[in-house]
Amino acid sequence: MPSDTSARTRPSELVDADAVVALTQALVRIPSTWDPDRGRSEQPAADLVAEVMRGFGWEPQVEEVAPGRPNVVAVVDGGLPGPTLMFEGHTDVVTEGSLEEWTWDPYGADIVDGRLYGRGSADMKSGVAAMIHAVRAVQLAGPFPGRIVVAALADEEGQMLGAKHFVKSPLAAQVDAAIVCEPEAEEICAVAKGAVRLWVEVAGLMAHGAMPQHGRNPIPALAALIDAVAVYQAELQQDPGEHPHLGVTYLTPTVLDAGSAGQMNVIPGRARLGFDCRTVPGVDHDALVERVREDAARIATEHGVEITVQVVDDRPCAVTPEDHPIALAVAGAHEQVTGTTPVFGGVPGATDGTILWRDAGIPNVVYGPGPKWIAHQPDEYAEVDDIVRKTKVYAEAAVRFLAANPIASARRKGEVR
């Protein structure tokens with residue numbers, strides 16, 4: 001950063017720790033699962049985010065990407081020429097599941113022994129609260145170069161409709177880099193696994209269970225395909241093999257739908273299977289789909305059934321170089337605030353950052369409060385100290401990136417992407 005900023009109050013010193021924790025609690029207390037049958041959606045959480053932003057004098061744009069599922073996006077201008085940085089989070093959470101598995105009320109936001117418990121406390125209501133208050137601290141610290149986009153988007157836990165809507169906007173084309181505020185413990189994740197989701201439909205011939213010779217059973221065909229895909233998974237785990245931050249590729253069967261539990265004497269005429277494939281750099285997604293289709297065609301012939309393979313979603317690996325300005329800004333801010341050497345890691349799943357990278361070419365890193373592996377589990381939590389600490393890191397990362405990023409003017413003019 002320029003030397004004349006050294007005498008100014010650091011934005012991390014202006015972070016309102018009590019307010020960021022209180023906002024996290026308020027957001028956790030909103031059950032923002034997508035569950036129309038129970039009258040639940042992201043709408044109340046989005047309303048709260050927009051209300052807080054307006055309280056800071058910001059002018060958030062609230063746009064529905066689906067009924068009851070709004071994106072909330074605000075742009076905070078620093079008053080000086082410079083690049084555009086984006087902070088991104090999502091307002092939806094997954095279901096709480098069985099209440100019997102929880103020690104604490106999943107929507108109580110209880111703080112016990114320094115931990116804030118509740119569904120979405122880590123994934124990712126604390127990240128949303130932290131990014132909002134971090135940007136507020138940057139604003140309070142005085143004029144800064146460029147702009148900061150603060151985006152609380154819908155449907156990350158589903159089909160990422162909010163991110164897909166945002167990347168089509170004119171604003172997305174002006175964003176130079178993003179920090180995705182998902183829980184990654186102390187890691188800075190500049191890479192994320194790719195994802196290919198497949199539906200396999202098998203058409204056989206219904207028959208009596210006592211006379212299987214008169215039918216064509218789709219279930220053994222699915223079993224054979226599961227075995228074939230497991231063989232392919234083992235091949236991919238050898239070549240391209242293990243990634244240092246992402247591990248190995250997995251081709252996991254996750255859905256099996258065949259027959260009826262109440263009709264055990266009936267061979268079903270149809271069955272279907274879902275695969276969730278998580279890939280590392282070096283895996284060709286087109287080749288992956290083609291291989292599964294080739295195995296399916298062979299098995300269909302062997303079993304006398306028809307098999308179709310449909311690609312439901314295709315998300316490439318998101319890779320931002322560790323020496324990219326956004327990665328360096330977060331790493332420098334992490335070391336400044338925590339006093340510890342930053343550690344780079346990888347996202348085992350996909351985040352909205354995947355869509356930002358795939359569809360808008362926005363380099364991004366994933367870094368945020370909460371344990372890396374706690375998402376979607378009972379007794380989900382985030383450490384209160386970690387929430388405040390990450391808020392301060394966000395604030396310092398923002399001023400570092402905005403003051404030092406050399407690529408902004410070119411990207412904003414459309415010369416790079």
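According to our numbering, the sequence shown is numbered sequentially starting from 1.
Ideal Cβ positions, reconstructed from N, Cα and C, are used throughout, including at glycine.
_Pick from 404, 397, 381, 354 that is closest to residue 114, judged by C-alpha positions_ = 381
*asked:* Considering only their Cβ atoms, is the gap separating residue 352 from residue 72 smaller than 8 Å?
replied: no
_Cβ shell of residue 304 (< 6 Å), same chain only, five flanking positions each side left out_ = 216
*Thinking residue 173 and residue 354 are a contact (beta carbons under 8 Å), I'd like their distance in whole angstroms, please.*
The Cβ separation is near 18 Å, so there is no contact.
*Pull up the CB-CB distance for residue 283 and residue 246, whole angstroms please, since I reckon it's below 8 Å.*
Not a contact, Cβ separation roughly 11 Å.
*Output the distance between the C-alpha atoms of residue 224 and residue 291, rounded to the nearest integer angstrom.*
14 Å
*Sub-8 Å separation of residue 206 and residue 269 beta-carbons*: yes
*How is residue 84 classed by DSSP in three states: helix, strand or coil?*
strand
*To which residues of the same chain is residue 49 closer than 6 Å at the C-beta, ignoring the five residues directly before and after it?*
72, 152
*Quick one: grab the DSSP three-state call for residue 96.*
coil
*Assign residue 208 to buried or exposed, taking buried as 16 or more other Cβ atoms, counted over all protein chains shown, within 10 Å of its Cβ.*
exposed
*Where the alpha helix (DSSP H) through residue 400 begins and ends*: 384-404
*Per DSSP, what kind of secondary structure is residue 166 in: helix, strand or coil?*
helix
*Consult DSSP for residue 250 and reduce its assignment to one of helix, strand or coil.*
strand
*What residues are listed by DSSP as bridge partners for residue 313?*
197
*Should residue 321 be labelled buried (16 or more other beta-carbon atoms within 10 Å of its own) or exposed?*
exposed
*Apart from the five residues just before and just after residue 116, which ones in its own chain have a Cβ nearer than 8 Å to its Cβ?*
21, 24, 25, 28, 109, 110, 126, 381, 382, 383, 384, 387
*Residues that residue 418 bridges to, as DSSP identifies them*: In the structure displayed, the chain extends from 1 to 417; residue 418 sits before or after that span and is not available.
*asked:* Looking at residue 328: is its Cβ nearer than 8 Å to the Cβ of residue 178?
replied: no
_Strand pairing of residue 257, partner residues [DSSP]_ = 272
*Taking the C-alpha atoms as reference points, what is the distance between residue 154 and residue 403?*
30 Å
*Could you tell me the distance, in whole angstroms, from the CA atom of residue 149 to the CA atom of residue 74?*
6 Å
*How close, in whole Å, do the beta carbons of residue 46 and residue 368 come, if the pair is a contact with beta carbons under 8 Å?*
That pair is no contact at about 19 Å.
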